[in-house]
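Start counting the sequence shown at 1; every next residue gets the next number (our numbering).
Beneath this line is the structure, given in structure tokens, with notes to follow.
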Amino acid sequence: MESADNLQQLRALLEWQIELGATDAIGDVPVDRFAMVAPDEQTSAKPASAANGTVVPSPAVAGGSTPDPIEEAEAAAGAVKTLEELQSALADYPHCELRLGARNLVFADGNPGAKVMIIGEAPGRDEDVQGRPFVGRAGQLLDKMLAAIGLSRQSFEPDTSVYITNVLPWRPPQNRDPTLEEIGMMLPFMRRHVALADPDLVVLMGNISCQAALGRRGITRLRGTWTQAYGKPALPMFHPAYLLRNPAAKREAWADLLEIRTYGGQQ
Ligand code: URA
Numbered sequence: 001m002e003s004a005d006n007l008q009q010l011r012a013l014l015e016w017q018i019e020l021g022a023t024d025a026i027g028d029v030p031v032d033r034f035a036m037v038a039p040d041e042q043t044s045a046k047p048a049s050a051a052n053g054t055v056v057p058s059p060a061v062a063g064g065s066t067p068d069p070i071e072e073a074e075a076a077a078g079a080v081k082t083l084e085e086l087q088s089a090l091a092d093y094p095h096c097e098l099r100l101g102a103r104n105l106v107f108a109d110g111n112p113g114a115k116v117m118i119i120g121e122a123p124g125r126d127e128d129v130q131g132r133p134f135v136g137r138a139g140q141l142l143d144k145m146l147a148a149i150g151l152s153r154q155s156f157e158p159d160t161s162v163y164i165t166n167v168l169p170w171r172p173p174q175n176r177d178p179t180l181e182e183i184g185m186m187l188p189f190m191r192r193h194v195a196l197a198d199p200d201l202v203v204l205m206g207n208i209s210c211q212a213a214l215g216r217r218g219i220t221r222l223r224g225t226w227t228q229a230y231g232k233p234a235l236p237m238f239h240p241a242y243l244l245r246n247p248a249a250k251r252e253a254w255a256d257l258l259e260i261r262t263y264g265g266q267q
């Protein structure tokens, strides 16, 4: 059994590591998770990115010799009829390597019948642990922002609830930005997600969400102007994580929330 002194030392060491920015416990020996995947699950062909930011299949893929991850995503997403089936199709999709490092698939939260659908970027550490989107600090701010216009993910009424998801259902390592290839693979699932939930409007939270839906970034210029995405009226907005770092931008975020309230018909 550890002595009290020892435990105190271990605790101090752990707190010191957290202070330095460590967010995950890892082993002493590196684990090659790619080697742990069955060969037929490994992605042999990766799509390349065109200069304009769209994702194109590689020549080998275009020639039909190896599976095209995007075509497979389109087929899998096109075959599902319900949100539950969509979640299963994502869980079965083998080509996005982010799944190998994630604890949980983070699918969605809130009321799928809501008029407002919020599309974030990707799960962070808290979301990865809990398996629900927007539950960390940014998520808590998002809940407060939504409450300010009478919306809540706990409500069951279409007018007062929200449905929340992310472009990426798996946490990228160290919370890095997802690549264009990863976004491209998830896009067919995202389109199907919006079609099945069928909201009145979508909110594109942050640059990654705009990249996926509109093919471009630049949230400072995009925010606050209505556009179309996934066949729905769409409003790009500052991501709550950005607002935590830049509190002065809350003024613009408030203007965007009022837009959502007016468009969504809330009081
Ligand atoms: N940021 C996002 O974009 N989504 C989450 O779920 C959490 C943080």
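Even for Gly, the Cβ is constructed at its ideal location relative to N, Cα and C.
Small disclaimer: the values here were computed from a predicted structure and weren't measured.
- DSSP places V194 inside the alpha helix (DSSP H), whose first and last residues are L180 to A197.
- For ligand 1, residues qualifying as neighbours are G120, E121, P123, G124, E127, P133, F134, A138 and N166, where qualification means a beta carbon closer than 5 Å to at least one of its heavy atoms (chain order).
- Between Y230 and V202, the gap from beta carbon to beta carbon is short of 8 Å.
- Taking the Cα positions, G206 is about 7 Å away from E121.
- Taking R217 as the centre and dropping the five residues before and after it, the same chain places the C-beta of N207, C210 and Q211 closer than 7 Å to its C-beta, in chain order.
- Unbroken alpha helix (DSSP H) stretches of 4 residues or longer found wholly inside the stretch 113 to 192: 125 to 130 and 137 to 148, given in chain order.
- Under the 10 Å beta carbon count, D256 is surrounded by 16 or more other beta carbons and is classified as buried.
- The criterion of a C-beta distance shorter than 8 Å is satisfied by P199 and V116.
- DSSP links T227 through a beta bridge to A234.
- DSSP lists M117 and A234 as the bridge partner or partners of V202.
- Non-local C-beta neighbours of T82 in its own chain, meaning closer than 8 Å and more than five positions away in sequence, comprise L196, ordered along the chain.
- The three-state secondary structure of A249, taken from DSSP, is helix.
- Close CB contacts of R191 within its chain, under the 6 Å cut and outside five residues either way in sequence, are with Y230 (chain order).
- Counting along the chain, G110 sits inside the beta strand (DSSP E) bounded by residues A108 to G110.
- For the pair A213 and L204, the CB atoms are nearer than the 8 Å cut-off.
- In the structure shown, P240 falls within a helical segment according to DSSP collapsed to helix, strand and coil.
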